[in-house]
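Student:
Protein chains: 2
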Amino acid sequence: MKKAIVLISGGMDSAVCAGLAKEQGYEIFGLHINYGQRTEKRELKAFNDICDYYNAKDRLVVDISHLVAIGGSSLTDKNMLVSKANLESKEIPSSYVPFRNANILAIATSWAEVISAKAIFIGAMEEDSSGYPDCRKVFFQAFQETINTGTKPETQINIETPIIDISKKDIIIKGSKIGVPFHLSWSCYQNEEEACGECDSCALRLRGFSQANIEDPIKYVGNG
Amino acid sequence: MKKAIVLISGGMDSAVCAGLAKEQGYEIFGLHINYGQRTEKRELKAFNDICDYYNAKDRLVVDISHLVAIGGSSLTDKNMLVSKANLESKEIPSSYVPFRNANILAIATSWAEVISAKAIFIGAMEEDSSGYPDCRKVFFQAFQETINTGTKPETQINIETPIIDISKKDIIIKGSKIGVPFHLSWSCYQNEEEACGECDSCALRLRGFSQANIEDPIKYVGNG
């Protein structure tokens, strides 16, 4: 059975990625990254729930909390405020963790090379994202070349970004059709019990469910 | 003063890189990676000694020992033997840590972006290396493009590989001319007190010093 490493943050995009990898016949190896984010515990639970749901063959949790020591992001630096969402802004928000996706993909590639996985699924979105530079197609193309040149000649690993061109709305519609367990996922950058509804991540999620005319099954502060 | 992150493993190549960065007028930020290698303690000492020698402005030690959990290398997997050097072989040796340099450069780039460093110095060598795929120029070129596409528009970081085309012999001659403290460096993959003289890394170092007609100032087993 062909193997895929699926990056499962616990968010809804990663849940959809796991569902799509399963649909394509891959055996799933779940990789979760803890980079010292505020909501790590809740995300880890979501990761494990999604791995269970899709019968992951193996799972790996990697701590890269040195990104906390390096700083520069409100996601990992408790002294910075998580900014409230402004979906119209062209600025890169304070939640941007410098070069995070390269750190994550490097780990995924090391694992993929050792277990001979053919694919790495990552739920990045260019269109509807928050303007993070390492969520863009050009970045993933460059990283693919880095994999091609930096691994053994016999190693063949493709980065799969199945939702990079899709809007949040369409990801939700697509995920609903293939039975993605949105109720197990967690997106909020701020809270761990009930989602705040106000951070970038909540705002994008809520707008997506609203546009898709589907009810978001998780709890938000005040709507409980 | 312009800033450079210098990857300082503690080996002689990284000591020369630090010397070259200093020569070019950079303020040095030393970055040391612990990836669960057998000789970590001795390398960490060498890192600190070299940082002291070059008055590093700041230093950061990052643990990526998840590469141990991932496995696949005799450097990090205690169940695999460190193979004795065969400098004529075309095979990638068992000490290869899958995609290690991408993991390291990703961390360096995150730090560089936060502190606005303009350069990352890494002492990789293509010609005289052990055939690791992630030590080749094509790999560093691809990673440069990954940095260009995966960081903020205003971020400008260059990967500097000043010894990539130079033989070990010429690195030693060059380093000697600019006063690189070879006596503080450590290269052995196997031992921490006296270098084994038999692993890939020792074999390359010894051949280099011998060809350069310079005495290696560190101690080897048996030459007390």
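Going down the list, the protein sequences come from chains A and B.
For the first sequence, my numbering begins at 16 and goes up steadily by one.
For the second sequence, my numbering begins at 16 and goes up steadily by one.
The beta carbon of each residue, even a glycine, is placed where N, CA and C say it ideally should be.
1) Report the option in B:Q52, B:F155, B:R115 whose CA atom is closest to the CA atom of A:E128.
2) Listing by chain order, which chain B residues have their CB less than 7 Å from the CB of A:T176?
3) Kindly indicate which residue of A:T54, A:L59, A:I122 has the alpha-carbon position closest to the one of B:H81.
4) Check the DSSP bridge columns for B:N49 and list the partner residues they point to.
5) Taking just the CA atoms, how far does B:W126 sit from B:G165?
6) For B:A134, report the span of its beta strand (DSSP E) as first-last.
7) Give the straight-line distance between the Cα atoms of B:P177 and B:T54, rounded to the nearest whole angstrom.
8) Out of B:L219, B:A71, B:I65, point me to the one whose CA is closest to B:C203's CA.
9) So, is the C-beta of B:G138 closer than 7 Å to a C-beta in chain A?
10) Between which two residues does the alpha helix (DSSP H) carrying B:L120 extend?
11) For A:E230, name the three-state secondary structure that DSSP assigns.
12) Within a Cβ cutoff of 8 Å, which residues of the same chain sit near A:I229, ignoring the five residues on either side of it in sequence?
13) Could you tell me the distance, in whole angstroms, from the CA atom of B:T161 to the CA atom of B:G25?
14) Pairing CB atoms from the segment 220 to 227 of chain A with CB atoms from the segment 171 to 185 of chain B, are three or more of them under 8 Å?
15) Check A:A139 in the structure and name its three-state DSSP category.
16) Using beta carbons (cut-off 7 Å, strictly below), is B:V77 in contact with chain A?
17) Put B:C211 into one of helix, strand or coil per three-state DSSP.
18) A:D180: buried (16+ other C-beta within 10 angstroms of its C-beta) or exposed?
19) Counting contacts by CB-CB distance shorter than 7 Å, is B:N118 in contact with chain A?
20) Could you compute how far the alpha carbon of B:V21 sits from the alpha carbon of B:A33?
21) How would you list, in chain order, the residues of chain B whose beta-carbon sits under 7 Å from the beta-carbon of A:A121?
22) Please tell me whether B:I23 has its Cβ less than 7 Å away from any Cβ of chain A.
23) I need the boundaries of the beta strand (DSSP E) containing B:K18, first residue and last residue.
24) Could you please give the first and the last residue of the uninterrupted beta strand (DSSP E) stretch that includes B:I162?
25) Would you say A:A227 and A:K184 are within 7 Å of each other, going by their C-beta atoms?
Tutor: From the atom records:
1) B:R115
2) Going along chain B, no residue has its Cβ under 7 Å from A:T176, so there is no contact; the nearest lies around 13 Å.
3) The residue from A:T54, A:L59, A:I122 with its alpha-carbon nearest to that of B:H81 is A:I122.
4) B:D78
5) Between the C-alpha atoms of B:G165 and B:W126 there is a straight-line separation of about 14 Å.
6) 134 to 136
7) 25 Å
8) B:L219
9) Closer than 7 Å: no.
10) 115 to 130
11) coil
12) I187, I188, S191
13) 26 Å
14) no
15) coil
16) yes
17) coil
18) exposed
19) Interface annotation, B:N118: in contact with chain A, CB-CB separation under 7 Å.
20) 6 Å
21) F114, A117, N118, A121
22) no
23) Per DSSP, B:K18 belongs to the beta strand (DSSP E) from 18 to 22.
24) Element bounds for B:I162: not the beta strand (DSSP E) but the alpha helix (DSSP H), 152 to 165.
25) yes
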